[in-house]
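Counting with our numbering, you get residues 71 to 256 for the letters of the sequence shown.
Yeah, the Cβ is synthetic: ideal placement off N, Cα and C, and Gly gets one too.
These figures come from a predicted structure and were not determined experimentally.
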Amino acid sequence: LAPTWEDLAKEFNVNNKNRGAAIAKVDCTAEGKAVCKKYGVRGYPTLKMIHGEEVADFKGGRSLDELSAFAEKDVAGARRAAEEAEIAAKKKAEEEAAKEKAARESSNIVWLGDDDFEAAVAAKPHFVKFYAPWCGHCKALAPTWEDLATQFNVDNPKRGATIAKVDCTAEGKQVCSKYGVKGFPT
């Protein structure tokens with residue numbers, strides 16, 4: 071199989087780099103023991119197409135045409151899956167952005183980030199919640215923080231501090247780092 075595998079590697083890795091699959095080999099008797107164990111390799115040679123968490127075992131013949139056809143078929147499937155995942159991720163990001171925009175528009179809290187934080191706190195005192203969207207304690211504090219913002223920012227804006235928040239996972243990463251925020255909420 072070695073000469074055919076080298077020809078396949080040349081076909082995919084050298085001659086046509088845009089085909090999408092990298093042809094590789096692992097020595098299961100040396101530095102590749104952990105990899106071989108992970109993928110259940112028990113005999114040699116074992117041929118697998120691996121893309122992320124998906125693994126397809128090759129059970130066909132050992133000719134260059136058969137190996138190439140298998141790689142092409144699985145690469146096409148992997149490409150489709152990757153494209154579908156990318157579309158789904160983009161759609162989810164758009165939905166999240168729309169939700170956040172709606173939340174910002176309906177909120178009385180002042181949202182600050184790296185671009186406007188320093189100017190805002192220099193101009194007027196701010197009571198700031200540094201948070202992460204995935205943080206359970208931050209989510210639990212959210213209604214109270216919104217009520218506080220209504221009291222200070224809307225009902226009585228001259229009362230004192232402006233109620234604000236900074237998302238330490240997005241537009242406020244630098245601010246959170248500068249102020250030593252290590253846990254959430256802070």
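Taking the alpha-carbon positions, what's the Glu156 to Ala168 distance?
Within the sequence shown, residue 156 is the residue found at index 86, counting from 1. Within the sequence shown, residue 168 is the residue found at index 98, counting from 1. Between Glu156 and Ala168, the C-alpha separation is close to 18 Å.
What are the residues that DSSP puts in a beta bridge with His121?
In the sequence shown, residue 121 corresponds to position 51, counting from 1. Answer by DSSP bridge pairing, in chain order: Glu124.
Based on the DSSP secondary-structure assignment, which residues constitute the bridge partners of His196?
Numbered from 1 along the sequence shown, position 126 holds the residue referred to as residue 196. According to DSSP, His196 bridges with Thr232.
Where do the ends of the beta strand (DSSP E) carrying Leu78 lie?
Working through the sequence shown from its first residue, we reach residue 78 at position 8. Element bounds for Leu78: not the beta strand (DSSP E) but the alpha helix (DSSP H), Ala72 to Ala79.
Using beta carbons (cut-off 8 Å, strictly below), is Leu211 in contact with chain B?
No chain B appears in this structure, which consists of one protein chain only.
Between the beta-carbon of Asn70 and the beta-carbon of Ile233, is there less than 8 Å?
Not covered by the structure: residue 70. The range shown for the chain is 71 to 256.
How far does the alpha helix (DSSP H) with Val105 in it reach, from first residue to last?
Indexing the sequence shown from 1 puts residue 105 at position 35. It spans Lys103 to Lys108 - the alpha helix (DSSP H) in which Val105 sits, taken as one unbroken run.
Any idea which residues DSSP pairs Tyr201 with across the strands?
Along the sequence shown, read from residue 1 onward, the residue named residue 201 stands at position 131. Paired residue(s): Asp237.
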